[in-house]
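Letter 83 of the sequence shown, counting from 1, is numbered 82 in numbering that gives the first Met the number 0, and no numbers are missing.
For every residue, glycine included, the Cβ atom is placed at its ideal position computed from N, Cα and C.
Remember, predicted model here, so these are calculated numbers, not experimental data.
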Amino acid sequence: MTRSPFFPKFSDLPAELPIFPLAGAVVMPGVQLPLNIFEPRYLNLVFDALASDHLLGMIQPTSETMLDEIPALHRIGCAGRITSYSETSDGRIILVLTGICRFQIKREIEARQGYRRTAVDWERFAADCHDNAETIADRAGFLTSLKSYCKLRGVEVPWNDIEKMADADLTNLLCAHLPLSPEDKQALIETISTGERAALMRGLLDMASASSMRVAEHRH
0 MTRSPFFPKF
10 SDLPAELPIF
20 PLAGAVVMPG
30 VQLPLNIFEP
40 RYLNLVFDAL
50 ASDHLLGMIQ
60 PTSETMLDEI
70 PALHRIGCAG
80 RITSYSETSD
90 GRIILVLTGI
100 CRFQIKREIE
110 ARQGYRRTAV
120 DWERFAADCH
130 DNAETIADRA
140 GFLTSLKSYC
150 KLRGVEVPWN
160 DIEKMADADL
170 TNLLCAHLPL
180 SPEDKQALIE
190 TISTGERAAL
200 MRGLLDMASA
210 SSMRVAEHRH
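Here you go:
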């Protein structure tokens with residue numbers, strides 16, 4: 000991943016971060032996430048972010064409290080920078096968030112204009128802000144598992160692009176965009192190294208593929 004000159008340096012990341020809690024919506028360093036913003040409190044969040052450093056944190060609510068008015072939050076999320084923005088005639092904002100660095104919530108602080116804010120710690124994920132040359136131990140085996148999963152689940156993947164991607168960029172992209180459960184995505188977000196993330200992801204893909212094959216067998 001080549002970092003944009005508009006991205007903040009690690010030392011310039013803020014101590015406080017507005018957050019957008021949303022199950023299943025995950026951004027990772029270097030990965031783009033499109034968002035459709037329409038709730039007034041999150042419109043306020045976007046306007047405030049655009050007026051400051053363009054940063055907001057994506058975080059998942061815990062599964063037990065997902066439907067609560069104020070759900071509990073997982074401790075690990077990822078900050079993104081608003082890199083594309085447009086307004087619609089019906090009062091929505093369509094934006095693209097590009098992942099910058101993961102964070103750990105230290106505590107929740109006073110809300111502002113309806114949206115939640117947190118004090119955060121970045122140290123555990125400092126490597127997110129630097130070029131990552133880590134590799135997957137068995138890339139060929141990983142891609143075999145990925146292809147089996149995508150075929151069984153009907154997931155369309157640009158394989159020519161995938162083949163050219165660096166291992167760290169590949170695992171980050173898949174973490175954000177594969178149709179995995181919120182719980183699986185959270186487990187992947189919390190891994191530190193590319194190798195650890197790839198090993199966990201391959202295990203999840205193989206389990207999902209095996210489950211799909213059992214379902215298919217029962218239908219015949």
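Less than 8 Å between the CB atoms is what I'm expecting for Asn171 and Val30, so what's the real figure, rounded?
Indeed, because the Cβ distance is near 5 Å, the residues count as touching under 8 Å.
Can you give the beta carbon distance from Leu34 to Leu96, rounded, assuming they're within the 8 Å contact cut?
Between Leu96 and Leu34 the Cβ distance is about 6 Å, and since that is below 8 Å, they are a contact.
Could you pull the DSSP bridge partners for Gly56 from this structure?
Ile18, Ala78
Please state whether the Cβ-Cβ distance between Ile99 and Pro28 is less than 8 Å.
yes
Which runs of the alpha helix (DSSP H) spanning at least 4 residues fall entirely within the stretch 131-180, listed in chain order?
138-152, 158-163, 166-176
At a cut of 8 Å, does the stretch 5-21 reach the stretch 106-123 through at least three beta carbon pairs?
Contact holds: three or more Cβ-Cβ distances are below 8 Å.
Collapsed DSSP secondary structure at Glu86 in the structure displayed
strand
Can you confirm whether Ile191, when its beta carbon is compared against all beta carbons of chain C, has any partner nearer than 8 Å?
Checking the listed chains, one finds no chain C in this structure; it contains a single protein chain.
Cβ-based burial, Phe102 [other Cβ within 10 Å; buried from 16]:
buried
Quick one: residues in its chain with C-beta nearer than 8 Å to the C-beta of Met164, no 5 flanking neighbours on either side, listed in chain order?
Leu172
Please confirm whether Ala22 and Leu32 have their CB atoms less than 8 Å apart.
no
Euclidean distance between Cα positions of Glu86 and Phe5:
Cα atoms of Glu86 and Phe5: separation of roughly 22 Å, rounded to the nearest angstrom.
Return helix, strand or coil for Gln112, following the three-state DSSP convention.
Of the three classes helix, strand and coil, the one that applies to Gln112 here is coil, per DSSP.
When you compare the stretch 140-149 with the stretch 104-111, are there three or more beta-carbon pairs, one atom per stretch, that lie closer than 8 Å?
No, the stretch 140-149 does not touch the stretch 104-111.
Inter-stretch contact (C-beta, 8 Å, three-pair minimum) for the stretch 58-68 and the stretch 127-138
no
So, Arg201 versus Leu187, is the Cβ gap smaller than 8 Å?
no
Whole-angstrom Cβ separation of Ile81 and Ala50, contact assumed at under 8 Å?
Rounded, the Cβ-Cβ distance is 11 Å, inconsistent with contact.
Assign Val154 to one of two classes, buried (16 or more other C-beta atoms within 10 Å of its C-beta) or exposed (fewer than that).
exposed
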